[in-house]
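Heads up, the sequence shown is in numbering that gives the first Met the number 0, so the first residue is 0 and it goes up one at a time. This report refers to the structure that appears directly beneath it.
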Amino acid sequence: MFGNKKKIPQIDKEQLELIKNAQKRIKQKKSLYTHFILFLIGSVALIVANLGLHIGESYKILGKDWFIFIIGFWFLILTYHAFNVFVINRFMGPSWKQNQLDKLVAKQKEGIEKLKTKLPQEETKAIPVLEKKKLSKKQNLTLIVAASENNAIGKDNKLIWHLRDDLQRFKTLTSGHCIIMGRKTFESFPKPLPNRTHIVITTQQKYKAPHGVIVVHNIEDALDAALNDKHPYVIGGGEIYKQALPFADKIELTRVHNSFVADTHFPELDLSEWRETQNIYHPKDEENDHAFSFLTYERI
Ligand SMILES: NC(=O)c1ccc[n+]([C@@H]2O[C@H](COP(=O)([O-])OP(=O)(O)OC[C@H]3O[C@@H](n4cnc5c(N)ncnc54)[C@H](OP(=O)(O)O)[C@@H]3O)[C@@H](O)[C@H]2O)c1
0 MFGNKKKIPQ
10 IDKEQLELIK
20 NAQKRIKQKK
30 SLYTHFILFL
40 IGSVALIVAN
50 LGLHIGESYK
60 ILGKDWFIFI
70 IGFWFLILTY
80 HAFNVFVINR
90 FMGPSWKQNQ
100 LDKLVAKQKE
110 GIEKLKTKLP
120 QEETKAIPVL
130 EKKKLSKKQN
140 LTLIVAASEN
150 NAIGKDNKLI
160 WHLRDDLQRF
170 KTLTSGHCII
180 MGRKTFESFP
190 KPLPNRTHIV
200 ITTQQKYKAP
210 HGVIVVHNIE
220 DALDAALNDK
230 HPYVIGGGEI
240 YKQALPFADK
250 IELTRVHNSF
260 VADTHFPELD
270 LSEWRETQNI
280 YHPKDEENDH
290 AFSFLTYERI
């Protein structure tokens, strides 16, 4: 009522496309029809010229009048034109092209969907590995442990054996470095070990430790606390080895060649992830209760 605009009839895109195609088809058929008429007139004219007006009457090809060849050749062109209009342009026209395009797009969409379903699984698999690599690359984390043939490492919060050479090796390797351990292992020492930075993991928020001992409440914080050390060591016990194993690059394992009853064990190693790079056998003697081997494993 108040200045209502007159509605202009709208043609949508699809309709416009249909109209365009119809016009194109009409044009194609018209040109074929014109060609056909021209062919008829032309053929008659050629026949009249040759037979009626005797033009080139004496000129023969393979014993036949020349107009037969011209009309024959022209007929072939006309047939090709008709084939184009009724077969190629009809069945392989714009709608056929669109159809092919739609099929291609559908196929690609299907491929993308398949990739999408695969991707989250691969991502969840890959991210922890990346994180692990990032941490370990920076830190070069080593687990150092003495374990028997049945992976026993301790009983009643004590070691099960006395191996002087193993203790000596432990001292040589860990001196000057950060040593990460569980609260129970820490408490199994009479006092902190000299010349090493102790990082003790406990859930106890008010845990009292001697001066210089760093107290943390999870394995990640322990690794963070050791960030300035290029070769920190995880020295046990069973609970901490288990949690630290995924972050480790190296394992210094003293394999004690015997089996023991124990309450604490080292986790079973997946040997597809580890490569043995050193193996030194040591027989039993007065200083060492059992035969053992110093084994070094590096992450593959
Ligand atoms: N053969 C070897 O090479 C070797 C080396 C080291 C130790 N050991 C032996 O291993 C035994 C000790 O090992 P274990 O497994 O019983 O104890 P452990 O690993 O030394 O310490 C366990 C304690 O660490 C703390 N803890 C563990 N995970 C934690 C987390 N995610 N967040 C916060 N705190 C955490 C808890 O302390 P709170 O209870 O205070 O919360 C837990 O009770 C002993 O027998 C020892 O002699 C052997």
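In this text, a Cβ means the ideal position worked out from N, Cα and C, and glycines have one as well.
Assuming residue i and residue j are in contact, meaning their beta carbons sit under 8 angstroms apart, how far apart are those beta carbons, in whole angstroms?
i: H289; j: H256; result: 6 angstroms
i: A225; j: I200; result: Contact flag wrong, Cβ pair sits at about 12 angstroms.
i: R195; j: I218; result: R195 to I218, Cβ: 18 angstroms. No contact.
i: G211; j: G153; result: Actually they are not in contact, since the Cβ atoms of G211 and G153 sit about 25 angstroms apart, beyond 8 angstroms.
i: E148; j: S258; result: 5 angstroms
i: N156; j: S187; result: 5 angstroms
i: L45; j: I69; result: 6 angstroms
i: F246; j: L222; result: 6 angstroms
i: P209; j: P193; result: Actually they are not in contact, since the Cβ atoms of P209 and P193 sit about 12 angstroms apart, beyond 8 angstroms.
According to DSSP, is residue i part of a helix, a strand, or is it coil?
i: H289; result: coil
i: K229; result: coil
i: S258; result: coil
i: R195; result: coil
i: A151; result: strand
i: V47; result: helix
i: V212; result: coil
i: H34; result: helix
i: T202; result: coil
i: I40; result: helix
i: L100; result: helix
i: I234; result: strand
i: Y240; result: helix
i: G181; result: strand
i: L222; result: helix
i: I279; result: strand
i: D64; result: strand
i: H264; result: strand
i: E122; result: The predicted model places E122 with a pLDDT of 47, which falls under 50 and marks its position as unreliable, so this point remains unresolved.
i: K59; result: strand
i: I87; result: helix
i: W95; result: helix
i: I54; result: coil
i: W73; result: helix
i: A146; result: strand
i: L252; result: strand
i: E186; result: helix
i: E272; result: coil
i: K207; result: coil
i: L172; result: helix
i: K133; result: At K133, the pLDDT of 43 sits below 50, so the modelled position is not reliable; the number obtained from the coordinates is stated separately. Reduced to three states, the DSSP call for K133 is helix.
Within the same chain, show all residues whose beta-carbon is closer than 6 angstroms to that of residue i, passing over the 5 residues directly before and after it, in chain order.
i: I250; result: L142 and Y296
i: Y206; result: V214
i: I279; result: F293
i: A146; result: I152 and F265
Can you give me the Cβ contacts of residue i inside the same chain, cut-off strictly under 8 angstroms, excluding the 5 residues immediately before and after it?
i: F74; result: F38
i: N139; result: K229, H230, P231, D248 and K249
i: Q204; result: H216
i: W65; result: N49, G55, Y58 and K59
i: Q277; result: F293, L294 and T295
Among the residues of its own chain, which have a CB less than 7 angstroms from the CB of residue i, if the five just before and after it don't count?
i: P266; result: Y240, K241 and L244
i: H80; result: L31 and H34
i: N287; result: L162, R163, D164 and H281
i: K183; result: N156 and G236
i: R274; result: Y296, E297 and I299
i: G41; result: W73
i: A261; result: A151, I152, G153, K154 and I159
i: T202; result: H216
* Is it a yes or a no for the segment 24-44 touching the segment 71-88, going by three-plus beta-carbon pairs under 8 angstroms? -> yes
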